[in-house]
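*Asks:*
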Amino acid sequence: MDVNPAAEESEYVYLPAPVFRAEHGESAITRLVEQQAAKVPSDVFLFLALGSMFASLLFELTGHRRRSRFVGLWPGPLLILGVYNKLVKIFGAR
Numbered sequence: 001m002d003v004n005p006a007a008e009e010s011e012y013v014y015l016p017a018p019v020f021r022a023e024h025g026e027s028a029i030t031r032l033v034e035q036q037a038a039k040v041p042s043d044v045f046l047f048l049a050l051g052s053m054f055a056s057l058l059f060e061l062t063g064h065r066r067r068s069r070f071v072g073l074w075p076g077p078l079l080i081l082g083v084y085n086k087l088v089k090i091f092g093a094r
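Per the numbering used here, residue 1 is the first one in the sequence shown, and the count goes up by one each step.
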């Protein structure tokens, strides 16, 4: 007896519809930015994020609360830039 009677239903592969429209194309500036971003090693963004966390901790311990909060906001965007950089390297500038 099958544990999941709907298992055969899930074996169907859905292919996404290709969308090739002019309005979805990238501009020359976007391609240039992606080509330059792909040259930056992915580790740089990780180390910058860790460095900003450490700097935020130092500011907090030395009593500079406003600087600590400001620098403490940087790791998220830096890690997102690292993900963007990785995607550009994997998929390339389109």
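We treat Cβ as the ideally placed atom computed from N, Cα and C, and that holds for glycine.
If the criterion is Cβ atoms closer than 8 Å, does the pair residue 55 and residue 89 meet it?
*Replies:* Not closer than 8 Å, so no.
*Asks:* In this structure, does DSSP put residue 63 in helix, strand or coil?
*Replies:* Residue state, collapsed to three classes: coil.
*Asks:* Secondary structure at residue 41, three-state DSSP: helix, strand or coil?
*Replies:* Three-state result, residue 41: coil.
*Asks:* Look at the alpha carbon of residue 76 and the alpha carbon of residue 87, and state the distance between them as a whole number of angstroms.
*Replies:* Looking at the two C-alpha atoms, the distance is approximately 17 Å.
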